[in-house]
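Peer 1:
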Amino acid sequence: MTASSLPGGQSARLRRLRRDYFGSPLAVLMTLLSAAVIAWIGWFLLDWGVIRATFGADGTQETCVAHGGACWSVIAVRWRVILFGIYPYEEQWRSALACVVVGVVILLSCLPRMWSFGRLALVWVLGTVIFYTLMRGGVLGLVPVNEQQWGGLPLTLFIFVATGIIGMPLAIGLALLRRSEYPVIARVTGWIIDTIRSLPLLSILFTCAIVLPFMLPGFLIGEKLYRVLFGAALFFAAYQAEIIRGGFQGIPKGQEEAAKALGLTYWHRTFRIVLPQAFRLALPATINQFVIAFMETSLIVVVGFMELLAAGNTAFKTGEWKFAYAEVYVFIAAIYFAFVFGLSRYGAYLEARMNVGHRKD
Amino acid sequence: MTGPSFLRSRAFRRVTLQAGFVAGLLLLVLAATLTARTNLATQGLTSGFDFLWKSTGWEMNFSLLPTTTADPYWWYLLMGLMNTLFMGTLGLAGASVLGLVVGLMRSGRNPAARLLGTIYIEIFRNLPLILQLFFWYAMANALPAPRASIAFGGALINARGLYLPGLMVGPGTVALAVLSGLVGLGLAIWVLTARRFNRVEPRGQRRVALLAVLAGLIGAGVFVVLGHDPADAWVTLPALQGLKIDGGFRIQPEFYALAIAITTYGAAYVGEIVRGGFKSVGRGQMEAAAALGLSSWHIFTRVRLPLAFRAMLPILINQYVWLIKATTLGIAVGFSDFFMVIASSINHSGQTFEFIGILMAGFLLINFSLAAVLNRLNRAIALKGHQTTGSA
Amino acid sequence: MSAIARTNVMDLTAPAIEITDLNKYYGTFHALRSINLTVSKGEKVVVCGPSGSGKSTMIRCINQLEEHDSGAIRVFGTQLDDNLGSIDEIRREVGMVFQQFNLFPHMTVLENCTLAPMLVRKISRAEAEATAMRYLEKVRIPDQAQKFPGQLSGGQQQRVAIARALCMQPEILLFDEPTSALDPEMIAEVLDVMVTLAQEGMTMVCVTHEMGFARKVADRVIFMDKGEIIEEAPPEEFFGQPKSDRTRLFLSQVLGH
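Below is the structure:
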């Protein structure tokens, strides 16, 4: 069959396909090589993960090794440790419910009709309060559970939500100070932001966990968890402040002048005219920053918390499942991936939608 | 109107707001310092930097130059800083090369290659770095015991580490050789970017830079030859001796797990930056080059790549700074980077504040100098007459 | 005149604008050189001059979008000094229309018009919307009230900007090259609105190159160059027998083709 015997559109498409895949010796090589690698990865995953894998809670090291594939039994046996850490076993329904609450909060914040300062603040604060009540207990007949016993997915989500809820107002504050018309305030804030940004997050978390207690009066020291959260939020805020500043820079100077000429005060100009436009411009970068913040929650394992990753480590570090590290990491990776991939796809969708809107103008 | 009018004056507000802001910050710092001093005093800790000259009494598990428990803190800190820089350099280089490959695959026309590039980026970019690090480290530890080492091309790998054929030269010699190479490279960058050479013809400038790099490499070679003991063989191959490996050059699992993690993770980000850079090159430029009859290789090397590189450099600077900071994850697997040395020092000496101060100073220094060098490069290659989009 | 209670203590019998010995520097650049100008209530003044002559800077000093370095500005007897209260007060009474319209892109036309009256004058939403619709009718685009600025043509946007300024019911309107960013076919619709306003007795200071408009409505034309007022005369005299060479040169360039 020759390409010319086909109707025009189809033949052109075929020709293009043939050119892209097999247009030159190099293209042929690339195609074959890439296809081989993809096929190999695909086959390996299928073979290891499904065909030769052992499922079900009754698998042991012997049966798994005999099958030669993945040993999903470790997940079947240990999933509650991975997801909820050392939270009291009978109370783990609370952890699960708390995760659902956070999920709802995040889903709600993705709806454009929720995008006003008031509504977002309401959803996030309300969500955090419900989450905290469920996890901490001590009221409504719930057994109190100390923060040190929190672990697994809820802890990861809690750190994420708290980072956002403390970090975002901080970021707005820093960004406003950074663009202050008073040079001293703007410059000093700039130094603070730059310094925080050039330090590794780990060192900030470490400082908050270990050093901060020395510097605070007794009544302010609080749980280590909250100090570490503050560090994470501060780090998030320093980056987010620069993102918001980028948004400010995208707003024509005339916007603020027009608001001034109408007699609006600083706060009205800021919250009605400047910030809404800055956030719109900075939206893709902001979502990206949230994605990074979510991935960075896993760093608190280093200062001794049992979040998802650390809980996963304990799940296989004990004797009998020691060989099954890959299965546990794949399981955890799947959870992170679902969340991060979903959020970044959503960001890409928003960006595309905004670009379309721009073209209409 | 309410209140005395000077309270509402612009000048008054300017002074009070700025003075208040600075005073507030100073107050915060002062309060923290005073509280810290009281707390330290009650715990019987003294402040000051005398401890830097005391010996540490604990071991460092990886260093480029030899360390012993008798060495003072300052030497440990210096070695830690070198480890961070070494790991950072390896990570940056690896991530850049791999990232360029992935980015090219993603921006090419071949759909199969594009798909492979996309799979790579989506997997490595969407998982936390520390998770990837743990995975590689667990994998390294799950390798067979030394007596069942896997051999390939003269190298051995087992749960204790990766054993490469080693040059028979002392560590001091290696340090001198590396220094020589770095001096050459530094000279080359300086010649290429310094303003005072702007007048020189670009090709001459490039030739001098190449010469500087060559001189550095030759210097490195000379140091190696001089440092080599003629009685020894040039190369040692690792080999199994009883239950352990003799000869060769051992790379610990902590080290290569971290290097792999940073390289593969960084490459995913660099790949996206590379793709963005290529996307930013207008079709018109390429069409113009094609209309002039340039071959596709020349279009790529003379038009597309240089323009794309200019577009990506400012974003790459941020990414590089980020990658250097990521080396601190070494502490999670026990690689003695700067941060881990600091953390262990705090544990052993109790000189918390001094070490945190050193930590901050160290990272500020690393990041600002890296950003300064890269920004300089950015300015040097920026298109004349275009606004440079500087950053970091 | 307006239904809105005035919160200020402005003296409406004093000259609308009184500028004495005004100086302004950008660094070492002397942008305004001892400007003296009085505009009485109801007067229409057109300011023209080559670009960079300081005409925009001068009217932007009147509502303090630019801070002046020395000299005095009085608006209805209230002196603009370093006092933030006086700045707020004067901005309430002085409206401004910009070259680039500067409508708020994230708000509808109606929201653009009601925002400031509600926040600054503290009137109810219903009242603000009624006022807004009245002025949108005056600029002849009431049907666009629910649209966003990005969906309107340049001429329509500038008319909305005029309506937005009018909604604050100002005593004085400043126009900063209101037609310079418009396509030629849209200039007329904006000038028509400005002529109507002039005929209704609004106090106006217009920086513009539209000499036809100046001839038609101006009580006085002012020519500025290099930060100075060079000439100041009623339109017939200004266009008929300009005194200064620089004015003549400028007029020949603007009217020459």
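Protein chains in written order, with the numbering used here: chain A, 187 to 547; chain B, 23 to 414; chain X, 5 to 261.
Think of the CB as a built atom: it goes at the ideal place given N, C-alpha and C, for glycine as much as any other residue.
These numbers come from a predicted model, not from an experiment.
1. On the criterion of 16 or more Cβ atoms from any shown chain inside 10 Å, does A:F405 qualify as buried, or is it exposed?
2. Give the list of continuous alpha helix (DSSP H) stretches no shorter than 4 residues that lie fully inside the segment 276-318 of chain A.
3. Sort B:A234, B:F71 and B:P187 by Cα distance to B:G270 and report the nearest one.
4. Using only CA atoms, which one of B:I388, B:L387 and B:A365 lies nearest to B:I378?
5. Looking only at its own chain, which residues have a Cβ that is under 7 Å from the Cβ of X:L169, when we skip the five neighbours before and after it?
6. Quick one: which chain A residues come within Cβ less than 7 Å of X:F108?
7. Hey, does X:D85 have any beta-carbon neighbour from chain B nearer than 9 Å?
8. Please compile the residues from chain B whose C-beta is within a distance smaller than 8 Å of the C-beta of X:L88.
9. Under 9 Å between the Cβ atoms of A:S384 and B:N389?
10. On the DSSP bridge assignment, give the partners of B:I321 in chain order.
11. Can you list, in chain order, the residues of its chain whose CB lies under 8 Å from that of X:D180, leaving out five sequence neighbours each side?
12. Under a three-way DSSP split, which group does X:M228 fall into?
13. Can you tell which of B:M382, B:G175, B:E376 and B:G352 has its C-alpha closest to the C-alpha of B:G110?
14. Buried or exposed, going by whether 16 or more other CB atoms sit within 10 Å of the CB of A:W336?
15. So, under 8 Å CB-CB, A:A427 and A:L360 are touching, yes? Tell me the CB distance rounded to an integer number of Å.
16. Using only CA atoms, which one of B:G192, B:V235, B:A216 and B:Q227 lies nearest to B:L207?
17. Against chain A, which members of the segment 109-129 of chain X pass a CB distance test of less than 8 Å?
18. For B:Q307, which residues in chain A fall below 8 Å Cβ to Cβ?
19. Ends of the alpha helix (DSSP H) at B:H370?
20. Take X:A202 and list the residues in its own chain whose beta-carbon comes closer than 7 Å to its own, dropping the five residues that flank it on each side.
21. Which residue marks the beginning of the beta strand (DSSP E) containing B:Y185, and which one marks its end?
22. Does the beta carbon of A:R202 come closer than 9 Å to any beta carbon on chain D?
23. Are three or more beta carbon pairs between the segment 465-474 of chain A and the segment 322-341 of chain A nearer than 8 Å?
24. Which residues, taken in chain order from the segment 400-411 of chain A, show a beta carbon closer than 7 Å to some beta carbon of chain B?
25. Is the segment 304-316 of chain A touching the segment 361-373 of chain A in the sense that three or more CB pairs, one from each, lie closer than 8 Å?
26. DSSP state of X:Q150, grouped into three classes?
27. By Cβ distance, which residues of its chain are closer than 7 Å to B:L67, with the 5 residues on each side in sequence left out?
28. DSSP three-state label for A:A252, please.
29. Taking the Cβ atom as the reference point for each residue, do X:V50 and X:I226 lie within a distance shorter than 9 Å?
30. DSSP three-state label for B:N83, please.
31. Is DSSP giving B:D72 helix, strand or coil here?
32. Is it buried or exposed, A:V236, if we count other Cβ atoms within 10 angstroms and call 16 or more buried?
33. To which residues of the same chain is A:T500 closer than 7 Å at the C-beta, ignoring the five residues directly before and after it?
34. With 9 Å set as the bound, which would you pick, yes or no: does the beta-carbon of X:R95 sit closer than that to a beta-carbon of chain A?
35. Quick one: grab the DSSP three-state call for X:A7.
Peer 2: Quick look at the numbers:
1. exposed
2. Taking only runs of at least 4 residues, the alpha helix (DSSP H) segments lying wholly in the segment 276-318 of chain A are 278-295.
3. Closest option to B:G270, Cα to Cα, is B:P187.
4. B:A365
5. Before going on, a small fix: residue 169 of chain X reads as Ala here, not Leu. Cβ within range, chain order: G99, M100, V101 and L177.
6. Q441 and I459
7. Closer than 9 Å: yes.
8. R30, S31, R32 and R35
9. yes
10. The partner list for B:I321 (beta bridge, DSSP) is empty, contrary to what the question assumes.
11. S60, I63, R64, M100, V101, F102, Q103 and V211
12. strand
13. B:G352
14. buried
15. 4 Å
16. B:V235
17. P109, H110, L119, A120, L123 and V124
18. What B:Q307 touches in chain A: nothing, since even the nearest Cβ is about 22 Å away.
19. F360 to S371
20. Closer than 7 Å at the Cβ level, and outside the excluded window around X:A202, lie K48, M208 and V221.
21. G183 to L186
22. Judged by its chain identifiers, the structure shown contains no chain D, and its protein chains are A, B and X.
23. no
24. F400, M401, L402 and P403
25. no
26. coil
27. Within the same chain, B:L67 has close Cβ partners G372.
28. Here A:A252 carries a helix assignment [DSSP, helix/strand/coil].
29. Yes, the Cβ-Cβ distance between X:V50 and X:I226 is below 9 Å.
30. Residue state, collapsed to three classes: coil.
31. helix
32. exposed
33. V267
34. Yes - at least one Cβ of chain A is within 9 Å of the one on X:R95.
35. Model confidence at X:A7 stands at a pLDDT of 41, short of 50, so the residue's coordinates are unreliable; what they give is reported in the following sentence. Coil, per DSSP.
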